[in-house]
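K.L.:
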Amino acid sequence: MRSGFYKQTIAEHLALTDSWTQRAWIAVALAALATAPFVLDTYLLTLVTLMMITAVGGIGLNILTGWTGLISLGQTGFMVLGAYGYAIPVETWGWDPLAGFLLAGLVPAAASVLVGIPSLRLTGLYLAITTLASAFIVVHLVLEFPGLTNGASGIFVNRPTVLGWTVFTDQDLFRLVAIFLVLTILGALNLRRSRIGRAWFAIRDKDDAARVMGVDLRTYKLYAFVASSFVVGLSGALYGIFLSFVTVDGFPFLLSIEALAMLIVGGMGSIAGAVLGAVFLVGLPEVVSMVFSAFGDSARALLSTGAHEVKGVLYGLVIIGFLRLQPEGLMGLWRDAQRVWTLWPLRY
Amino acid sequence: MIQTQTQAAGGAAPPLLEIRNARIVYDHAVEAVREVSLSVPQGSVVALLGSNGAGKSTLLKALTGTLALEDGEVEKGAILLDGEDLGRTPTDRIVARGVSLVPEGRRLFANLTVEDNITMGGHLKGAADLARLRAQVYDLFPRLAERRRQIAGYLSGGEQQMVAVGRALMAEPRLLALDEPSLGLAPLIVDQIYATVARLNAEFGMTILLVEQNAMQAMEIADTVYIMENGRIVLDGPAEQMRGNLDVQEYYLGFSGGGERRSFRDVKHYKRRKRWLS
Chain D
1 MRSGFYKQTI AEHLALTDSW TQRAWIAVAL AALATAPFVL DTYLLTLVTL
51 MMITAVGGIG LNILTGWTGL ISLGQTGFMV LGAYGYAIPV ETWGWDPLAG
101 FLLAGLVPAA ASVLVGIPSL RLTGLYLAIT TLASAFIVVH LVLEFPGLTN
151 GASGIFVNRP TVLGWTVFTD QDLFRLVAIF LVLTILGALN LRRSRIGRAW
201 FAIRDKDDAA RVMGVDLRTY KLYAFVASSF VVGLSGALYG IFLSFVTVDG
251 FPFLLSIEAL AMLIVGGMGS IAGAVLGAVF LVGLPEVVSM VFSAFGDSAR
301 ALLSTGAHEV KGVLYGLVII GFLRLQPEGL MGLWRDAQRV WTLWPLRY
Chain L
1 MIQTQTQAAG GAAPPLLEIR NARIVYDHAV EAVREVSLSV PQGSVVALLG
51 SNGAGKSTLL KALTGTLALE DGEVEKGAIL LDGEDLGRTP TDRIVARGVS
101 LVPEGRRLFA NLTVEDNITM GGHLKGAADL ARLRAQVYDL FPRLAERRRQ
151 IAGYLSGGEQ QMVAVGRALM AEPRLLALDE PSLGLAPLIV DQIYATVARL
201 NAEFGMTILL VEQNAMQAME IADTVYIMEN GRIVLDGPAE QMRGNLDVQE
251 YYLGFSGGGE RRSFRDVKHY KRRKRWLS
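Which chain is which? The protein sequence lines are D and L, in order. 1 is the number of the first residue of the first sequence in UniProt numbering; add one for each residue after it. 1 is the number of the first residue of the second sequence in UniProt numbering; add one for each residue after it.
#1: Per DSSP, I26(D) forms a beta bridge with which residues?
#2: Hey, would you say G273(D) sits closer than 8 Å to L281(D), going by beta carbons?
#3: For chain D, is any of its Cβ atoms less than 8 Å away from the one on F109(L)?
#4: Please classify M290(D): does DSSP put it in a helix, a strand, or coil?
#5: What beta strand (DSSP E) runs, 3 residues minimum, are completely inside the stretch 25-62 of chain L?
#6: When you compare the stretch 128-139 of chain L with the stretch 89-103 of chain L, are there three or more beta-carbon pairs, one atom per stretch, that lie closer than 8 Å?
#7: Taking the continuous beta strand (DSSP E) assigned at T207(L), which residues delimit it?
#8: Would you say M120(L) lies against chain D (beta-carbon separation less than 8 Å)?
#9: Give the single residue among L44(D), L191(D), A24(D) and L346(D) whose Cα lies nearest to the Cα of Q171(D).
#10: Using a 10 Å radius around the Cβ and a threshold of 16 neighbouring Cβ atoms, would you call A195(L) buried or exposed?
#11: Of all Cβ atoms in chain L, is any one closer than 8 Å to the Cβ of R198(D)?
#12: For the pair the stretch 113-130 of chain D and the stretch 176-183 of chain D, tell me if three or more CB-CB distances fall below 8 Å.
#13: Would you call M219(L) buried or exposed, if buried means 16 or more other Cβ atoms sit within 10 Å of its Cβ?
#14: Any beta carbon from chain D within less than 8 Å of D129(L)'s own beta carbon?
#15: Quick one: does L17(L) have its CB under 8 Å from some CB of chain D?
#16: For V246(D), which residues does DSSP report across the bridge?
#17: For G257(L), does the three-state DSSP call read helix, strand or coil?
#18: With DSSP as the reference, label A283(D) as helix, strand or coil.
#19: Let me know the secondary structure DSSP gives E75(L) once reduced to three states.
#20: Could you check whether the stretch 221-239 of chain D touches the stretch 42-59 of chain D, counting it as contact only if at least three pairs of C-beta atoms, one from each stretch, sit closer than 8 Å?
#21: Can you pull the chain D residues whose beta carbon is under 8 Å from the beta carbon of D92(L), in chain order?
#22: Tell me, please, which residues DSSP counts as bridged to S100(L).
#23: Counting only beta-carbon separations shorter than 8 Å, does A171(L) have a partner in chain D?
#24: Beta strand (DSSP E) containing L235(L): first to last residue?
#25: If the criterion is Cβ atoms closer than 8 Å, does the pair A209(D) and H123(L) meet it?
#26: In three-state DSSP terms, what is I63(D)?
#27: Going by the CB atoms, is the gap between L185(L) and M162(L) shorter than 8 Å?
#28: Give, in chain order, every residue of the stretch 71-100 of chain L whose Cβ lies closer than 8 Å to some Cβ of chain D.
#29: Identify, in the order they occur along the chain, each residue of the same chain with its Cβ nearer than 7 Å to the Cβ of L330(D), setting aside the five sequence neighbours on each side.
#30: For a contact defined as C-beta to C-beta under 7 Å, what are the partners of L144(L) on chain D?
#31: Of the residues A224(D), V212(D) and T219(D), which one's Cα is nearest the Cα of W67(D)?
#32: I want to see whether chain D comes within less than 8 Å of T64(L), judged by CB atoms only; does it?
#33: Where DSSP assigns a beta bridge to I241(D), which residues make up the other side?
#34: Closer than 8 Å by C-beta to L112(L): which residues in its own chain qualify, once you throw out the five before and the five after it? Chain order, please.
#35: Is DSSP giving V215(D) helix, strand or coil here?
#36: Have a look at D247(L), V225(L), N214(L) and E229(L) and flag the residue whose alpha-carbon is nearest the alpha-carbon of E240(L).
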C-alpha cells in the first residue's frame, strides 16, 4: 500500500510541487484569490486582506523560528521598521511606492543584523528576551525622533500607485496584498530548497553537527535574521497601508505573540502552516463574535465591552490546546486526516 | 573521500595531523588534557583509546575548532594540520581543509530525510559535486540508498551511524575523525561500521583517527594505538605490539594473563609506568 510520495530524482526533489493534486489545489487557491474581489462583500474582503497581511508576517517569522529554530519576539519591532521604512520615504519624501516597498524590507533587514549579532550565541529563552528588547527599543527610537517619524502622532499613508496602477478601492488593496503573499510564498519556498535553507534546517535540528559539516553558524543565522525581517518588514508596510496610518500604537506588542501563536497553531516550520495559522487566528475572533451574537443581545454586549480580553483569553486557550493536543498544529491535523483517508479502515 | 592519496615521500613531509604537547583547559580551571602529543601520519589508522573522562573527546573538539563553544582553550602546545598550527581557525575552515568529524552519538538532523542529512555533509561542495559524492556514499552503504526518503530520526541506531559516517564523507575529508562509532550498537553492526572504515583506509588511502572505548575492535583495524587516562597518554605504540602488551590486555581488553590473577605488584608496576610515561 502506498504510504506517501517518494521522490526519485533530484529534479523532483527540487520541484516546488510534487503531485497533480497539489497543483490542482494551487490552481484553486489562485483562482479563489483572483475571484474573491468580485464576490466577497467589503467586510469579508477586509478580513481576508488582513489574513493575508498576517500570513506574510507569519511566513517571515517562520523563516527564523520555524526553519532556523531561533525564537523571536521581535516581530513587532521589524513590522514597525517596515511600516516606517515605507511611510517615511513615500509619504514624507514623496518617493515612488516601489522604492518604499524595497526600503520596507531593507530597513528591518539592516536592523536585524544589529539585533542578530548579539543574539548569535543565544538560543531559546535568552534569544526571545533579546529580540523582545529589540522590539521595545525600536518603538522608543521611533518616539525619540519626531523630526523623522512624526513621533506619537504618526504618518498618514495613502494607498499607493504601483507601476501606474492606482490602488484605490478595497478590491485593489486585496489584489496588491495577494500579489505580495504569492511572491512571499514563492520566495520562501525557493529559499527552503536552496543550500541556505538546508543549512537552516541543519542548525535547527543539531547546531553542533551543522558546525562540523562546515556551516558557519554566524553567517547562516544572520541570513535567517535578514531574510525573515525583510519579509516581516513588508508585512509591516502592508499593514500600515491597510490601516492607512502608521503609528507605534498601530503595532502593539501583542502582534509578536500573535505571530508565534500563528506558527504554533498552524504548524511550525511549514509555509502552509503559517498561512493556515494566520487564517485561523485572524478568523477566530470573528467567528466567536458571530457565535456570541447568536446567543442574543446580552452576550453581544459582553463581547463589545470586553472584546480585547475575550480575544486574549481565546488566543491563550487555543495555544494551550494545540500545544497539548496537536503540537504540529493544523498541518499536523491535516497530515493525520490524510493518513486516515489513505489507510482507513486499518490503523496503519 | 575517495581519491587515492599518495603516501608522503620519505620522512620529510609532516604528518597529516600532529598534536604537540597540547594542554587543554575548560573555563580556565578544569584541566582536561595535559601535555598530550600524538601524530597521525598520512594514510594511517590511529586509534585513541581510554575510558570516560580521559580527554579523548576534548582532543577531538580541539581538532574541529568547537572547543571555544564550551569555554575550552588550548593553553599550551599546538595542533598542527599539515604542519600548520590550527590555532583559532573557525570550524568551517577546518572542514574545508579536509577534516571531517563523525560526532559522538551521531548527532543526525532528526527531522530531515537521509538524503538531506547526507547532502548537508557536502555543505561546502558545489552542486555539481553533490550528486557524485552522494552516489559514492550510497555505493558504500547500499542500505542508505533504500532508506534515502525516510526521516533520519526514524532509522535504527546502526543505520543512523551509517548516515553519520556517510555525511562526514560528503566533505571529501583527508582526515576522518570518528568519535565512538560503536556507541550503543549491536556487535554485528559495529563489525560492519568498522569494516567500512577499514575499507576507506585500504581502498582510498583515507587517514583515520578513531576515538573509542571499545578497545578490542579498534585495535584490530588500527596501525598505531594511543591510550589516554586522566588527560595524559599513558601508553602508545604499534597496534600489534599493544595487543600483546599484558597491561593493555588486563586493563582494556579484559583478559587476565595466563588465566591466573596477576599480582598486586604488577598493578603497581603499571601505575608507576603510567606516571613515568606521562
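Backbone N, C-alpha and C define an ideal beta-carbon position, used for all residues, glycine too. Note that this is a predicted model, so its numbers are computed, not measured.
P.N.:
Concretely, from the data shown:
#1: Paired residues: none, contrary to the question.
#2: no
#3: yes
#4: helix
#5: 30-40 and 45-50
#6: no
#7: T207 to E212
#8: yes
#9: L44(D)
#10: exposed
#11: yes
#12: no
#13: buried
#14: no
#15: no
#16: I155(D)
#17: Note that G257(L) has pLDDT 49, beneath the 50 cutoff, so the model's placement of it is unreliable and the number below is only indicative. Reduced to three states, the DSSP call for G257(L) is helix.
#18: A small fix is needed here, since residue 283(D) is Gly in this sequence, not Ala. Of the three classes helix, strand and coil, the one that applies to G283(D) here is helix, per DSSP.
#19: strand
#20: yes
#21: R211, G214, V215 and D216
#22: L176(L)
#23: yes
#24: R232 to P238
#25: no
#26: helix
#27: no
#28: P90, T91, D92, V95, A96 and S100
#29: V265, G266, G267, G273, L276, G277 and F280
#30: The contacting residues do not exist; L144(L) stays about 15 Å from chain D at best.
#31: A224(D)
#32: yes
#33: DSSP, once it has assigned bridges, lists no residue as partnering I241(D).
#34: M120, I151 and A152
#35: coil
#36: V225(L)
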